[in-house]
Amino acid sequence: MSAARTPPAHVAIIMDGNGRWAQQHLRPRAFGHKAGRVAVDRVVTACAKAGVKMLSLYAFSTENWRRPPHEVKILMELIETALREEAEKMRKNDIRLRVLGDRTALSASLRSAIDDAEALTASGSRMDVVLAINYSGQWALCETARRLAQAVADGTLQADAIDEAAFSAHRPMPDLPPVDLLIRSSGEMRLSNFHLWELAYAELWFTDVLWPDFGEAQLDAAFAAYHHRDRRFGALSQP
Ligand code: FPP
Numbered sequence: 004m005s006a007a008r009t010p011p012a013h014v015a016i017i018m019d020g021n022g023r024w025a026q027q028h029l030r031p032r033a034f035g036h037k038a039g040r041v042a043v044d045r046v047v048t049a050c051a052k053a054g055v056k057m058l059s060l061y062a063f064s065t066e067n068w069r070r071p072p073h074e075v076k077i078l079m080e081l082i083e084t085a086l087r088e089e090a091e092k093m094r095k096n097d098i099r100l101r102v103l104g105d106r107t108a109l110s111a112s113l114r115s116a117i118d119d120a121e122a123l124t125a126s127g128s129r130m131d132v133v134l135a136i137n138y139s140g141q142w143a144l145c146e147t148a149r150r151l152a153q154a155v156a157d158g159t160l161q162a163d164a165i166d167e168a169a170f171s172a173h174r175p176m177p178d179l180p181p182v183d184l185l186i187r188s189s190g191e192m193r194l195s196n197f198h199l200w201e202l203a204y205a206e207l208w209f210t211d212v213l214w215p216d217f218g219e220a221q222l223d224a225a226f227a228a229y230h231h232r233d234r235r236f237g238a239l240s241q242p
């Protein structure tokens, strides 16, 4: 990873292609998800090394429940095992792990693994890893709307005071910054209901590489492309 330029502060990744990778290797889909977990490890290390401050990873969307129960179970178990096995390493590397999503539908053991990992890594200050589990951008928008409505009903907020700042402050993770760079692997070019609010001015970068093959080379290429983008945020280019 070349460290010449400041990396994007918030990198969000849609990790796609585990199933196709497994198929290419003539193995069951679970094999692809396991290899995907190794890629997660690689990318967390590389992002921390590059100076990324926030890395959000789409691990399980609200729509992923539509997969066969067997695959849902494998994914949930894999995420739980990863949380239990990686938390100590993250703590040592000064990385804070946070989980974003609706936890009510998760198993008690996964919820407790999340609580343990979050508690163990709470003082990490080098980089935040935000793991989106049972998450979707539309869920987050609805959750925000519910919180705003409740504040208005409680009399602590005036309806006409709801602006971008108030909306942002009522999100499930109010300090989640705007995404600077969104990466999606496997050749698909969709947002798939990831951070809808936070992606407003994100730069998008797509690669055909399947997630289990994703590593430093792809991250380097994504960052290089990012540095060539002219981010105007609706204004004009800097002279
Ligand atoms: C997409 O591949 C990937 C997922 C739905 C889940 C992401 C999960 C991992 C990377 C595994 C471990 C995660 C953590 C955080 C430890 P796909 O199954 O949609 O692939 P396909 O489109 O080729 O079928």
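In the numbering used here, the protein residues as written are 4 to 242. Heads up, the beta-carbon is just placed ideally off N, CA and C, and yes, glycines get one too.
Under 9 Å between the Cβ atoms of residue i and residue j?
| i | j | result |
| --- | --- | --- |
| Ala169 | Leu160 | yes |
| Leu109 | Leu86 | no |
| Ile186 | Ala220 | no |
| Leu103 | Leu179 | yes |
| Gly140 | Asn196 | yes |
| Glu2 | Val47 | Look at the range of the chain in this structure, 4 to 242, and you will see that residue 2 is not part of it. |
| Thr124 | Ile98 | yes |
| His230 | Arg23 | no |
| Ile136 | Ile165 | no |
Less than 8 Å between the CB atoms is what I'm expecting for residue i and residue j, so what's the real figure, rounded?
| i | j | result |
| --- | --- | --- |
| Gly127 | Met93 | 7 Å |
| Met18 | Trp214 | 4 Å |
| Ala205 | Asp183 | 6 Å |
| Met130 | Cys50 | 6 Å |
| Gly20 | Ser188 | 5 Å |
| Arg235 | Trp200 | With 8 Å as the limit, Arg235 and Trp200 do not qualify as a contact, their Cβ atoms being about 20 Å apart. |
| Trp208 | Ala238 | About 22 Å separates the two Cβ atoms, so there is no contact after all. |
| Asp211 | Gly190 | 4 Å |
Take residue i as the anchor and find which of the options has the nearest alpha-carbon.
| i | options | result |
| --- | --- | --- |
| Ser171 | Leu151, Thr124 and Ser189 | Leu151 |
| Leu81 | Val155, Ala33 and Arg8 | Ala33 |
| Arg106 | Ala143, Ala228, Gln27 and Lys95 | Ala143 |
| Lys95 | Phe63, Trp68, Trp24 and Ala120 | Ala120 |
| Ala62 | Cys145, Gly54 and Ile77 | Ile77 |
| Phe217 | Ala12, Pro10 and His36 | His36 |
| Tyr138 | Asp163, Ala154 and Ser59 | Ser59 |
| Val132 | Pro10, Thr9 and Ile16 | Ile16 |
| Leu134 | Ile165, Leu194 and His198 | His198 |
| Val41 | Arg8, His73, Val155 and Thr84 | Thr84 |
| Met222 | Ala116, Lys52, Pro72 and Leu100 | For clarity, residue 222 is Leu in the given sequence; the question names Met instead. When only C-alpha atoms are compared, the closest one is Lys52. |
| Pro11 | Cys145, Pro181, Gln241 and Ser240 | Pro181 |
| Ala74 | Asp157, Ala156, Pro31 and Ala111 | The sequence given here has Glu at residue 74, not Ala. Comparing Cα-Cα distances from Glu74 to each of Asp157, Ala156, Pro31 and Ala111, the minimum goes to Pro31. |
| Ser115 | Met79, Asp157 and Leu29 | Met79 |
| Glu91 | Ala122, Val43 and Pro72 | Ala122 |
| Asp44 | Ser240, Arg69 and Leu100 | Leu100 |
If we cut at 9 Å on Cβ distances, does residue i have a partner in chain B?
| i | result |
| --- | --- |
| Val55 | Any reference to chain B falls outside this structure, which holds one protein chain only. |
What ranges does the alpha helix (DSSP H) occupy inside the region 128-183, keeping only unbroken runs of at least 4 residues that lie completely in it? 140-157 and 167-172
Where in the region 68-131 do unbroken runs of the alpha helix (DSSP H), each at least 4 residues long, occur, reported from the N-terminal end onward? 72-95 and 111-123
Hey, which unbroken runs of the alpha helix (DSSP H) at 4 residues or more fall wholly within the region 197-240? 219-230
Quick check for students: name the residue ranges of the alpha helix (DSSP H) that lie wholly in the region 21-55, counting only runs of 4 or more. 21-27 and 32-53
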